[in-house]
Amino acid sequence: MKALIIGGGIIGSSIAWRLAADGNAVTVLERARLGQEASWAAAGLIGPQAEAHEPGAFFDLALAGKRSFDEIVERLTRESGVDPEYDRQGVLYAAFTEEDRAELQSRAKWQRAAGGEVEELTPRDALKLAPMLSAKILGALHMPTNWRVENRKLTQAYINAAIARGALFREGARVDSIVTAGGRATGVRLTDGSIETGDLVINAAGSWSGEIRGLEEDRIRFYPVRGQILCFDALPGLVGPSLFSADGIIVQRRDGRILAGSVFEEAGFNKSVTLDGLERVSRAARALAPDLASMPFREAWAGLRPASEDLLPVLGPSPTVGNVIYAAGHFRSGILLSAITGEVIADLAAGRKPSIDLAPFAPARFRDGIAHPVKLADWK
Ligand SMILES: Cc1cc2nc3c(=O)[nH]c(=O)nc-3n(C[C@H](O)[C@H](O)[C@H](O)COP(=O)(O)OP(=O)(O)OC[C@H]3O[C@@H](n4cnc5c(N)ncnc54)[C@H](O)[C@@H]3O)c2cc1C
34 MKALIIGGGI IGSSIAWRLA ADGNAVTVLE RARLGQEASW AAAGLIGPQA EAHEPGAFFD
94 LALAGKRSFD EIVERLTRES GVDPEYDRQG VLYAAFTEED RAELQSRAKW QRAAGGEVEE
154 LTPRDALKLA PMLSAKILGA LHMPTNWRVE NRKLTQAYIN AAIARGALFR EGARVDSIVT
214 AGGRATGVRL TDGSIETGDL VINAAGSWSG EIRGLEEDRI RFYPVRGQIL CFDALPGLVG
274 PSLFSADGII VQRRDGRILA GSVFEEAGFN KSVTLDGLER VSRAARALAP DLASMPFREA
334 WAGLRPASED LLPVLGPSPT VGNVIYAAGH FRSGILLSAI TGEVIADLAA GRKPSIDLAP
394 FAPARFRDGI AHPVKLADWK
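Numbering (my numbering), first residue to last: 34 to 413.
Put into structure tokens, the structure is as follows:
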């Protein structure tokens, strides 16, 4: 089988690796350069418990995403020759108000019941684990198995491993539309007018997934949610676990860089860093780790999280065009979900039963009117 993948971000690249490993011919079509959009901008958390607000299908997917990642990371590193810096440092979620504390207590309860590992810490114990943490915290949750990667290296690892298995990556190849015959895709048309033929088309175009012409009848609206990150230089190993509060996160890279994020904004396809973003991120970061205020500032960037109308991933076949599969809408969790997405999309392509129930993420939910749209403002 020949598979065409639209989009060379972490999702398209992970799928390319799995499909190529299954013996398929794979071509990834990337309109610009590989891995330079959301997959480049992310903080890199592999943190199912840090990212889920409630029990349910998404939390189960996130936990499965972590398990799937744990299963492949050694093989991926070996096959790609790239170390994605999977740091086994957990997450510390800090409470600054009684309201935060009550929220974290209830989070600990439902997460334990749903299979997540979580410890409730006194401020004293939390500070022992993360000396940079503010002394003003009222308590914290420790999620010891919510780890992190260097997402730029992880994306490169999927690309290298896919290439080693024979996948082709074409940069500067922007897909305009799906080419069909008898209601089934037979390939894609690029904006230069050329056609690539294939037996299967996978839409992994991130925030731009709704722009591929020919899929309008699926009635899926994708939109970008901007995030902004500030980056500081520091000594490696200073922060310890990744730090979370209701307003922001702090994550350290192996080389010492400290990333502080992030905001959730609807700003169209505008990737600017703004004064408002800088202000909100620095306020949250300073509250979490006051010492950050005197560290050398290095750079700031923004990226676009790919969201669908119910803020859930969109995984599975197009309800209206045969031979088209969606792998999009990963919103704030595409790094965490990269391995499981590659796994389940390769399963669908091969006619195998995926290890998890994909029904809650079926693309048909929008056309069938059973999706529950969530406004970004209500979600936060
Ligand atoms: C600030 C920030 C922090 C984040 N932190 C985390 C985190 O800690 N953990 C986590 O799990 N997730 C995190 N995320 C979310 C994560 O980055 C995304 O969910 C993930 O990168 C989505 O990957 P993708 O491959 O779908 O999209 P992208 O990386 O955006 O890739 C899509 C690709 O498709 C290409 N494309 C678009 N249209 C076309 C076309 N017509 N033809 C050809 N190519 C096309 C684009 O050029 C792009 O390269 C964060 C995101 C942001 C912005």
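Beta carbons are placed, not taken as given, at the ideal position from N, Cα and C, and that holds for glycine.
Being a predicted model, the structure only gives us computed values, none of them experimental.
inquiry  = What would DSSP say about G114, mapped onto helix, strand or coil?
reply    = On the sequence shown, position 81 is the one that residue 114 refers to. The answer is coil: DSSP assigns G114 none of H, G, I, E or B.
task = Note down the Cα distance separating V208 from A90, rounded to an integer number of angstroms.
result = Taking the first residue of the sequence shown as 1, we reach residue 208 at position 175. Taking the first residue of the sequence shown as 1, we reach residue 90 at position 57. Their backbone Cα atoms lie some 32 Å apart in a straight line.
task = Report the three-state DSSP secondary structure of T60 (helix, strand or coil).
result = Within the sequence shown, the letter at position 27 stands for residue 60. Note: T60 maps to strand in three-state DSSP.
query = Is the beta carbon of F364 within less than 7 Å of some heavy atom of ligand 1?
reply = The residue you call residue 364 lines up with position 331 of the sequence shown. Yes.
request  = Answer yes or no: the CB of Q189 versus the heavy atoms of ligand 1, is any distance below 7 Å?
outcome  = Translated into positions along the sequence shown, residue 189 becomes position 156. Checking every heavy atom of ligand 1 against the Cβ of Q189, none is found closer than 7 Å.
inquiry  = Taking the straight line between their C-alpha atoms, what separation do you get for G216 and Y126?
reply    = Here the question's residue 216 lines up with position 183 in the sequence shown. Here the question's residue 126 lines up with position 93 in the sequence shown. Roughly 49 Å between the two C-alpha positions.
query = Should Q69 be counted as a contact of ligand 3 given a C-beta to heavy atom distance under 7 Å?
reply = The model depicted lacks ligand 3 and carries ligand 1 instead.
task = Would you tell me roughly how many angstroms separate the C-alpha atoms of I124 and K161, rounded to the nearest one?
result = As a position in the sequence shown, residue 124 is number 91, starting the count at 1. As a position in the sequence shown, residue 161 is number 128, starting the count at 1. With the sequence shown as reference, residue 124 is identified as Val, and Ile is not the correct amino acid for it. V124 and K161 have their C-alpha atoms some 14 Å from each other.
Contact the segment 255 to 271 vs the segment 284 to 298: 3+ CB pairs below 8 Å = Judged by Cβ distances under 8 Å, the segment 255 to 271 makes contact with the segment 284 to 298, as three or more pairs qualify.
task = Taking all protein chains shown into account, decide if P329 is buried (16 or more other Cβ within 10 angstroms of its Cβ) or exposed.
result = Counting from 1 along the sequence shown, the entry for residue 329 is found at position 296. Exposed.
request  = Please determine if the segment 293 to 310 and the segment 146 to 154 are in contact, where contact requires at least 3 C-beta pairs separated by less than 8 Å.
outcome  = Fewer than three beta-carbon pairs drawn from the segment 293 to 310 and the segment 146 to 154 are found closer than 8 Å, and the two stretches are therefore not classed as touching.
ask   = ligand 1 heavy atoms versus the CB of V208: any closer than 7 Å?
value = As a position in the sequence shown, residue 208 is number 175, starting the count at 1. Yes, ligand 1 has a heavy atom inside 7 Å of this Cβ.
inquiry  = Looking at ligand 1, does it come within less than 7 Å of A49, judged from the CB to the closest heavy atom?
reply    = The sequence position of residue 49 within the sequence shown is 16, counting from 1. The answer is no for A49.
key: From D280, A279 and V284, residue whose alpha carbon lies closest to that of P269   = Here the question's residue 269 lines up with position 236 in the sequence shown. The option with the nearest alpha carbon to P269 is V284.
ask   = Assuming G80 contacts L370 under a Cβ cut-off of 8 Å, what Cβ separation, rounded to an integer in Å, is found between them?
value = To locate residue 80, count along the sequence shown from 1; it is residue 47. To locate residue 370, count along the sequence shown from 1; it is residue 337. The Cβ separation is near 11 Å, so there is no contact.
query = Is the beta carbon of W241 within less than 7 Å of some heavy atom of ligand 1?
reply = Taking the sequence shown and counting its residues from 1, one reaches residue 241 at position 208. W241 Cβ: within cutoff of ligand 1.
request  = May I ask whether a heavy atom of ligand 1 can be found less than 7 Å away from the beta carbon of I44?
outcome  = On the sequence shown, residue 44 is found 11 positions in, with the first residue counted as 1. True, at least one ligand heavy atom lies under 7 Å from that Cβ.
query = In three-state terms, what does DSSP make of G19?
reply = Because the chain in this structure spans residues 34 to 413, residue 19 falls outside the shown range and cannot be described.
G205 CB to nearest heavy atom of ligand 1 below 7 Å = Position 172 of the sequence shown, counted from the first residue, corresponds to residue 205. Result no, Cβ not under 7 Å from ligand 1.
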